[in-house]
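Structure first, commentary second.
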Amino acid sequence: MTENKQLATLMIVEHDNQLLSVNTLRVLNAAAQIQQDGTSLPVTAFLVGYQCSAVLDVLKCTKGISKIIVANAPEHEHQLAENLSKLVAEVAKDYSHILAPASTFGKNLMPRVAALLDVGQLSDVCAIESLDTIIRPIYAGNALARVRSSDPIKVMTIRSTAFDAVMVSESPFIENIVTLDTVIAATQCEFVSQQKVKSERPELSAASVVVSGGRGLGSKENFALVEQLADKLGGAIGASRAAVDAGFVSNDLQVGQTGKIVAPQLYIAVGISGAIQHVAGMKGSKVIVAINSDPDAPIFEVADYGLVGDLFEIVPELLDKI
Ligand code: FAD
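Its first residue numbered 665, the sequence shown is counted upward by one per residue in our numbering.
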């Protein structure tokens, strides 16, 4: 820490102008663990967007925030990392810790912020030990590294599945709200369009039940078994990379090192071998159930319950009984 820098945390709010992402509520829990003499550093939530008053309303009710800075302008509607990073870097100079989720949003934004501030980034933080020391996974989650940063500003992305979401109360109580008029327009890129998959099912990263299918399903048509099981349990669908590569489902459903990190209450792996790259994305799940015909499949090493047998017999039987 530099001598005269104020110790305070700036948390970049993830949202879509209407809804606050649950990732932000989890990052806030991580922020609460950045403490000096047993007291959490004050947390400022930085909300950048356009017509995002619904998000602000939720933030005002969120525990652990002491101040909210709002930058509301049409130029911020799509939160392009190219210009958002410049705005964050401007504001960040007054803070000792800058936090965002290790989601697509945070991974796109924070390395640019770190570069603009000329500091290193602490990525995928899964535990906070002290003001300058964190724990993060390495080697696809097979080892944990304790990393100490001597940079004056710690730029961090937080693995949100490692932290519970903080509570949102029913009525607003945060009054320290500051409007930031600075607008930094993107000059070298523009928002063209966004394609969002609309689904009745819960969002994969936030679902409490995830049913994932692998190559063992054999075809896109057979993947319907996974969908039916997920629907019976009110869960989200996930997939291994092999299932994605084979075209059974789209790649936004991939779980693993190069896909989404999930930590639901219940994770069911159907016809998935349990390669380390897949396990890296789901081993934080509370209860893991594996269905596989190979009793030596590595997935059984992380599973709490293992069903050895043909998925084409087991899954229909489960569907029948649930
Ligand atoms: P397989 O390994 O082929 O396993 C299929 C399983 O289905 C087998 O265990 C088999 O016994 C079982 N099976 C077959 N038929 C039946 C049946 N009728 N009933 C029951 N069981 C049956 N993978 C990911 O998932 N996510 C990632 O993010 C990811 N990132 C990667 C990054 C890198 C850099 C690399 C190199 C690889 C990555 N992979 C990732 C790929 C990973 O190494 C594996 O290749 C992949 O996870 C295998 O998918 P799978 O388990 O579906 O297929």
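Note that beta-carbon positions come from the ideal geometry of N, C-alpha and C, so glycine has one too.
All figures in this text were calculated on a predicted structure; none of them were measured in a lab.
Per DSSP, the continuous beta strand (DSSP E) segment holding Phe-710 begins and ends at 707-713. For Asn-772, the uninterrupted alpha helix (DSSP H) run begins and ends at 768-781, by DSSP. As the crow flies, the alpha-carbon of Val-707 is around 5 Å from that of Thr-673. For Leu-975, the CB falls within less than 7 Å of some heavy atom of the ligand FAD. Residues Leu-671, Ala-672, Thr-673, Ile-698 of the same chain have their beta carbon placed closer than 6 Å to that of Leu-705, with the five preceding and five following residues left out of the count. The beta carbon of Glu-977 lies closer than 6 Å to none in the same chain, with the five residues before and after it left out.
Runs of the alpha helix (DSSP H) lying entirely within the stretch 684-745 and spanning at least 4 residues, in chain order: 686-696, 717-723.
Gln-715 places its beta carbon less than 8 Å from that of Asn-681. Nearest to Ala-826 by alpha-carbon distance, out of Leu-683, Met-675, Ala-694, Asp-984, is Ala-694.
In this structure the stretch 830-848 touches the stretch 729-746; the number of beta carbon pairs closer than 8 Å is three or more. His-942 is not bridged by DSSP to any residue.
Taking the CA atoms as reference points, Ile-848 sits about 15 Å from Phe-855. Listed in chain order, the alpha helix (DSSP H) elements of length 4 or more contained wholly in the stretch 875-922 are 888-896, 905-909.
The continuous alpha helix (DSSP H) containing Lys-985 extends over residues 975-985. Taking 8 Å as the cut-off, the Cβ atoms of Arg-905 and Gln-941 count as close.
By the C-beta density criterion, Ser-914 is exposed, having fewer than 16 other C-beta atoms within 10 angstroms. Using a Cβ distance threshold of 8 Å, Ser-937 and Pro-959 do not count as a contacting pair. Within the same chain, Cβ atoms closer than 6 Å to the Cβ of Gly-899 are found at Ala-871, Val-873, Val-874, Val-875, the five residues on either side in sequence being excluded. Taking C-beta separations shorter than 6 Å and ignoring five residues to either side along the sequence, the partners of Ser-787 in its chain run Thr-821, following chain order. The ligand FAD has a heavy atom closer than 7 Å to the beta-carbon of Asp-958. Contact between Gly-784 and Ser-760 is ruled out by a C-beta separation of about 14 Å, above the 8 Å threshold. Around the CB of Glu-981, fewer than 16 other CB atoms lie within 10 Å, so the residue is classed as exposed.
Cβ contact annotation for Leu-781 (same chain, cutoff 7 Å, sequence separation greater than five): Ala-753, Ala-756, Ile-817, Val-819, in chain order.
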